[in-house]
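Worksheet: the structure to be examined is printed underneath.
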Amino acid sequence: MLNYLSRLRFLLVDPNTDARKTVIARRSGGYALDVERSAVDLFRFRELCVRARAGDDRQAVRLLQQALELWRGEALTGIAGDWAAVERDRLHDQHLAAECDLTDVRLRLGHGEDLVAPLSARTAQRPLDEHVAAQLMLALHRAGRTSDALAHYRRLRDRLVDELGTEPGTALRDLHRRILDADPSLLPHPVTTGDSSAVVVPVPRQLPAPPPSFTGRGTELARLDEVLGAQPDKDAPPPGTGTTVMISAIGGAGGIGKTCLALAWAHRNTERFPDGQLFTDLRGFDPTEQPVTPDAALFGFLTALGVVPDRIPTDPHARSALYRSLVAGRRMLVVLDNAATADQVVPLLPGSPTCGVLVTGRTGLASLIDRHGAHHLKLDVLTRHEATALLSARLGTSRTTAEPDAVDELVELGGGYPLALSITARNAVTRPGIPLAEVAAELRELGLETLDHNTDPTASLPTVLSWSLRRLTDEQRAVFALLGIAPGPDTTLPAVAALTDLPPARARKALTALEEASLLERRPGGRYAMHDLVRAYAATTGHELPEDMRKAALVRVVDFHLHTAFAADRLLNPHGPLLRPNPPAPGVHPHPLPDAGVALAWLETEHATLLATQRAAAALGRHDVVWHFTWALDTFHLRRGHLRDALAGWRAALDAAVHLPDPTIRSRTHRSLGNICSVSDLHEEATKHLEQALDLATRDHNTAEQAHTHEALAAAWARQGDDRQALDNARHALDLYRALGQPSWEADALNQVGWYAARLGALDIARDHCQAALTLHRQHDNPDGEAATLDSLGFIAHRTGEHLGAIDRYHQSLALYRTLGNTYEIADTLDNLGHPHAALGEHTQARETWQEALDLYREQGRDEDVERVRRQLGDLVKATGVERSD
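For the sequence shown, counting from 1, position 415 maps to 415 in full-length UniProt numbering; every step adds exactly one.
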């Protein structure tokens, strides 16, 4: 051993001094070889490879050649054992990777025929290596041996199928298809320098760094894959092999994540564009700098493509033509970020179908779609799942899982806006000791203030949104501000015309401009809405308007909704008391409603906005409007089972009635509030209000109000189970209606008397009263009253054993109620209909009918009715074995 060590020390000489140097040193437990890393060929090899991959292609060739020249034969020759075998294989793979890298670089530099021989030898050593096979196929194709390239693909595919049971990968299939199509981008497009022997093919890599913590957007990424031909899992043509350049225009509001999506997709697909990626920020919405002109962008692109600056044409058309010539036939991606107009974009579009283009902008860039076939991708806010994933990526899963409720609130308050969520995450990251619940509380309390940034405008949501407003006209900005203070979650063109006091055509033009600026979203049915954070910003700008301007706008839109609701109510309940609100503000015209069906649909669609508008009227101190809103919505609320809204509305109306001089208003309010309290099973409160209503009507000698109140008292007593008191009040109402000479109201009271008489067992009297009521209702064309009376006659028929007749009457009643959209009464009639079916032994029909009634009762929050019908279904199961589905 000592002899060997001595001989080794003699042989190991310092290469710099040619002097013997002790490089074998004694260590505890043995000996160690002590040399510099630069003296070890393996370390030098690895370092050269790293430097090659970081440099340009010409430098990479030189460095990779130096690295490969360090190899002599097989690594670790003569050393046996498992460790040596594993290391030998690992080193061999590194050597092969360097050879493949050198070949890739040479192929990018335009080589072909000179690579065929070494690649053929390498392919023989690694017959199933698809990367090596692709290199050989490209080299053969460039050498004019296309048939040999295609034959090699066929042989490899056959071996893969036979031996591994798999098809070639996407990249190899893609290359095979491009060779078949004679894709011109596969052939070199050199740009020569002063040295005619050197061929340089610039491959620009201008993409900025990929966005950190990019999450979600799976649907949008897939759409970009589809548009730009990047479908890795399908036998799709390569990007841009159609007849025109493929353009995808990503639109959306500021802060919605357009640039992040474009860069994320571009970085994931660089291999699909091996000839380079060009990028420019067109600064279409930058408030501090002018937008980038097409000429300036072209200058940057041309220099990146290897054109010497003094050779770049000054004429814009010539400059654009040179750019198109240089990218023609090359597989390149062009990313045009923050475009304000199509005029910025069009001169930068390649003319070659081998290129793909990504454009981002806040406007719709409609002419790109119309004239150049661009595919528009409208970017919306993140889903709740995506927003949660973004916060987890920025804050760390340990912190977000520790406070799931706070994360949910941050997601909710962030509105799905990536910029808002990123700012919130930044605020939390910079204060690691603050609980997320406290961060959420700040955001809830301060709103947009927490999403502002004092020094970086690009990291401030209000600032980013303000940049979009700068490109709008004064009138369009005013419309945006007024939309921020308008009541309701969304709006329509007629409402906006009233709000802004603009003719419909100008209002539509302003809405279109806001939509194109991605500040407003148009939804089905001609409705317009803002995302929550955009609306919050709009409200901020709205409150900066002069007070008289704000108040006048709110008065107009309130009057528009009130008078349209009043017209709708008259169509739904033409026989009700006619109580007109005061005339609307000048220039305000209610939305035309041709019939009851359209009226019901309008009320259903506008319901949330109408409730918000009533609250806005209360804030304005317009007590008469508050009251008339409740009155106009009462029929709709009762028919559709909106009991909670009706109860809240009549309580607000009672507060408003205190400020109104008409005593009849107060009487009607107590009566209506008592009625809805009774329907809502608040019996004690119902009795109190109804008694107050009767007292006020009696003192005011208002016979009609007394009659209406007795009718309401009858229904209230019946709901409490006192049918005798109910019948007495119904008869009193009937006498008063007859004295007033009001046949339509008399018909209501006749039906009431018949119903309560039937419940008390006086079936003949009940039938006579109901038949008389039915005749009057039909004479005066009152389908609501007719449906109620048919329901009573069905009940009477069932009680007298005429079950088939009862079923017929109930079905007639249901048909009318369904036409009227009266789901509240539909539920009651279905409940009644189940009983004659059960009496006839039609148990399946009974179960289905009661199940439908049960579903409606649940939707309407009628808990006592739910429990009663559940018991009926339970009894049916016990008696017959027919199963229920709840």
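Where is the CB? At the ideal position from N, CA and C, for every residue including glycine.
- Close CB contacts of residue 692 within its chain, under the 7 Å cut and outside five residues either way in sequence, are with 670 (chain order).
- Within its own chain, the residues whose Cβ lies closer than 7 Å to the Cβ of residue 499, once the five positions on either side in sequence are excluded, are 482, 486, 553, 556 and 557, listed in chain order.
- Its chain contains 671, 674, 675 and 690 as the residues whose beta carbon lies nearer than 7 Å to that of residue 712, once the 5 sequence neighbours on both sides are disregarded; these appear in chain order.
- When rounded, the separation of the alpha-carbon atoms in residue 282 and residue 637 is 53 Å.
- Secondary structure remark: continuous beta strand (DSSP E) runs of at least 3 residues inside the stretch 707-770: none found.
- Rounded to the nearest angstrom, the gap between the Cα atoms of residue 582 and residue 639 is 26 Å.
- Secondary structure remark: continuous alpha helix (DSSP H) runs of at least 4 residues inside the stretch 314-359, in chain order: 316-327 and 342-345.
- Proximity to residue 302 across 845, 523, 584 and 347 peaks at 347, based on C-alpha coordinates.
- Residue state for residue 537 is assigned as helix, using DSSP reduced to three classes.
- With a threshold of 16 other beta carbon atoms within 10 Å, residue 162 falls short and is exposed.
- Per DSSP, the unbroken beta strand (DSSP E) holding residue 375 starts and ends at 375-378.
- Per DSSP, the continuous beta strand (DSSP E) segment holding residue 522 begins and ends at 521-523.
- Only residues of its own chain outside the window of five on either side were considered, and among them 774, 809, 810, 812, 813 and 816 have a CB closer than 8 Å to the CB of residue 790, listed in chain order.
- Ranked by how close their Cα comes to the Cα of residue 731, the residues 721, 751, 744 and 720 have 751 in first place.
- A check of alpha carbon separations from residue 657 across 596, 629, 645 and 624 identifies 624 as the nearest.
- In the three-state reduction of the DSSP assignment, residue 280 falls in the strand class, which pools E and B.
- Around the beta carbon of residue 779, fewer than 16 other beta carbons sit within 10 angstroms, so the residue counts as exposed.
- Beta-bridge partners assigned by DSSP to residue 528: 491 and 522.
- Residues of the same chain with a CB within less than 7 Å of the CB of residue 611, apart from the 5 flanking positions on each side, are 645 in chain order.
- Sixteen is the threshold: since fewer than 16 other Cβ atoms of the shown chains lie within 10 Å of the Cβ of residue 218, the residue is exposed.
- About 16 Å separates the beta carbons of residue 837 and residue 827, which is beyond the 8 Å limit, so they are not a contact pair.
- Excluding residues up to 5 positions away in sequence, 630, 672, 673 and 676 lie with their Cβ nearer than 6 Å to the Cβ of residue 650 in the same chain.
- Contact between residue 75 and residue 48 is ruled out by a C-beta separation of about 16 Å, above the 8 Å threshold.
- In this chain, the alpha helix (DSSP H) harbouring residue 598 covers 596-619.
- Under the three-state reduction of DSSP output, residue 80 falls in the coil class, being neither helix nor strand.
- For residue 136, the enclosing alpha helix (DSSP H) has its first and last residue at 130-142.
- In the three-state reduction of the DSSP assignment, residue 361 falls in the strand class.
- Close CB contacts of residue 148 within its chain, under the 7 Å cut and outside five residues either way in sequence, are with 140 (chain order).
- With respect to the 8 Å criterion, residue 399 and residue 425 are not classified as neighbours on the basis of their beta carbons.
- Here residue 248 carries a strand assignment [DSSP, helix/strand/coil].
- Membership of residue 53 in the alpha helix (DSSP H) is indicated by the continuous run 41-54.
- Taking 8 Å as the cut-off, the Cβ atoms of residue 796 and residue 749 do not count as close.
- Listed in chain order, the non-local C-beta contacts of residue 595 below 7 Å within the same chain comprise 571, local neighbours out to five positions each way being set aside.
- Here residue 307 is not near residue 334, since their CB atoms are 8 Å or more apart.
- Residue pairing for residue 205: DSSP places it in a beta bridge opposite 277.
- Excluding sequence positions up to five before and after residue 126, its CB lies within less than 7 Å of the CB of 132, all in the same chain and listed in chain order.
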